[in-house]
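In the working numbering, the protein residues as written are 243 to 684. Note that CB positions come from ideal geometry on N, CA and C, so glycine has one too. All figures in this text were calculated on a predicted structure; none of them were measured in a lab. So the structure is just underneath, and the comments pick up after that.
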Amino acid sequence: MLRRKRTQFGELTKSLLMGGSLSEKKMALAAIATLDLHDALEEILEIVVDTSHALCAQATECLTLMCVRWGAQARLGKDVPTVRGRILSCVSDQLALFHQHGSQSLVDAWLSVVHWDDARLRSLIRDPRQSAYRAVMSRLRECDRPAVVQLLAGYVARATTPKNVIKILVERRDTAMAIEIAKLSDSHTWQARLKRLRQLPPLASLKAIEAEMSQVNVELEYRLWLMVAASSDDLRQVLRGALRLSKLGTRDARQTAAEMLRLCRRPELETFVPAIQAAEFETDDNEYSLGILTQHIATWLASPSQVLAKAAREFLQDFTVDNLLDQVRHWPTQMAKAMAKIVVLVEPNVTERLTRELQSPAPRRRLAALQATQLLDCADLVSQTLMPLLDDPRLEVRVRTIDLLGALGHEALEQLIPELLTDANTDIQDAANRAVRRMKRT
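Below you can see the structure in the form of structure tokens.
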């Protein structure tokens, strides 16, 4: 009933704020806050910017509630221009005098009522000459009021966002920012938002988001994980999330896990493999090292879920025998070995490809195939193809072949040992001696 008589109360509260006693002004502010009255905006603003006024705190709270309420409606697509427009105009006029009053509370109220498409907002954040520019940028960077966080989060989807705002958006570390970005998305804007995240630098607000996952609903959790995939430069975080979702046992969770692998910033082999190699030397949290996580993803290749299997194959598409053969001649042995650990999971049947390369007329390709055979630990599968290489014209090929067959304890090599030990080349003799020692150990 009281809300239906807003107009009458509006006029009364305005007159009380203009000429009433302190207690009457206090009651007027309480009524304005309760009934959402906006007739006395100018009077409220005068109190807000006067920090020495006894009712400054109450007036500030009253103004903030008003701005948050009408700003929220506008951001939900339910704007009432006749009301919010007037509020925005009055607050903006006072904000233009920031150099006189320096009210941070006024800045927060203004940031709570503005909409991304408001010309006043677009103008201010692009013009460092305006008196409130620094204060507005500072509050965007530091203020944790939900309405201000929401305003900043909404800029993710806007390609025209100025670089100064993008910088703040990217650098803010509070997880509330990431959660607000997820909340602002809907089925119509979601894919565009993910695409935008891939274009932006990684969001700092997503770095610690895993700790918040248990506090949000399932739909929001899935969105947050997809945001991690699209934005994060920490592949371990992405793979942890994908593996976590894959174990939940629901179709939606598996679909989200697969989508994470497609979205993520998959590095080139030259970057990916050294990271996997480095993980071998990590002593802490080895369960979540990049190498171990990648091996877990590789197990999806045999998953009964076609969605997971396909995602894993696409994610690991560069871990092939062909690529290993290309890189093994150029990379350090340990780096190539790290790659081979994943290749053997992606391509369990390598015999045909290696056999063809071992028989290549090109010496370099034969040597690369020998190196790959050793790294993939599959000499037993191609042992018959290795035997002719004992007579290869290239010394390095012969030496490596002896080493491989010696490690196997190959019977045919054992018969040739006496001849190899008397070979004219000392490298062949040394390789034969190594083979003898290995055979004795086995």
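Cβ pair residue i, residue j closer than 7 Å
| i | j | result |
| --- | --- | --- |
| T255 | L279 | yes |
| A554 | W573 | no |
| A649 | R679 | no |
| R478 | L535 | yes |
| L393 | L445 | no |
| E500 | V549 | Note on identity: in this sequence residue 500 is Ala, with Glu being the wrong assignment. Yes, the pair counts as a contact, with Cβ atoms nearer than the cut-off. |
| F340 | S294 | no |
| V639 | D669 | no |
| D229 | R387 | Since the first and last residues shown for the chain are 243 and 684, residue 229 lies out of range. |
| A389 | V515 | no |
| R571 | A621 | no |
| L448 | A420 | yes |
| G396 | L426 | yes |
| V624 | L596 | yes |
| A558 | V588 | A small correction: the amino acid at residue 558 is Leu; Ala does not occupy that position in the sequence shown. Contact: yes. |
| L277 | Q300 | no |
| T498 | Y464 | yes |
| C506 | A471 | yes |
Among the options, the one whose alpha carbon lies nearest that of residue i
| i | options | result |
| --- | --- | --- |
| M469 | S429, R435 and T492 | R435 |
| Q315 | L297, L442, D350 and V355 | V355 |
| Q657 | L632, L637 and T668 | L632 |
| E452 | L439, L271, E461 and L466 | L466 |
| S429 | T403, A377 and E461 | E461 |
| D369 | W432, V407, I670 and V586 | V407 |
| S380 | L623, D669 and S347 | S347 |
| L481 | V378, K425, A674 and A540 | A540 |
| W358 | R317, C385, H343 and D321 | R317 |
| T431 | L337, Q457 and R400 | R400 |
| P635 | K320, S265 and P605 | P605 |
| P590 | R493, A544 and L283 | A544 |
| M455 | G483, A578, S474 and C385 | G483 |
| L662 | H652, D564, K409 and N675 | N675 |
| D360 | P603, D494 and G327 | G327 |
| L264 | R371, P404, D281 and C298 | C298 |
| Q457 | A418, S473, S474 and R493 | A418 |
| H343 | C385, S474, I289 and E384 | I289 |
Cβ distance (whole Å) where residue i is taken to contact residue j below 8 Å
| i | j | result |
| --- | --- | --- |
| E422 | V391 | 5 Å |
| H538 | L487 | Between L487 and H538 the Cβ distance is about 13 Å, and since that is not below 8 Å, they are no contact. |
| V291 | S345 | 5 Å |
| A677 | L618 | Not really, about 20 Å apart at Cβ, beyond 8 Å. |
| V333 | W312 | No, V333 and W312 are not in contact; Cβ-Cβ is about 11 Å, not under 8 Å. |
| T562 | V586 | Not a contact, Cβ separation roughly 11 Å. |
| Q519 | Q576 | 6 Å |
| S547 | R496 | 5 Å |
| Q336 | L382 | At roughly 19 Å, the Cβ-Cβ gap does not stay under 8 Å, so Q336 and L382 are not in contact. |
| A275 | C304 | 5 Å |
| R607 | E599 | 6 Å |
| N667 | L647 | Rounded, the Cβ-Cβ distance is 17 Å, inconsistent with contact. |
With 16 other Cβ atoms within 10 Å as the buried cut-off, status of residue i
| i | result |
| --- | --- |
| E285 | buried |
| Q441 | exposed |
| A296 | exposed |
| D645 | buried |
| Q613 | buried |
| K267 | buried |
| M260 | exposed |
| R438 | buried |
| T302 | buried |
| V592 | buried |
| V398 | buried |
| E512 | exposed |
| V322 | exposed |
| G491 | exposed |
| G319 | exposed |
| M308 | buried |
| L363 | buried |
| T402 | exposed |
| D690 | With the chain running from 243 to 684 in the structure shown, residue 690 is simply not present. |
| A578 | buried |
| T643 | buried |
| A673 | buried |
| S602 | exposed |
| A282 | buried |
Within-7 Å CB hit, residue i to chain B
| i | result |
| --- | --- |
| R438 | The structure shown contains no chain B; it is built from a single protein chain. |
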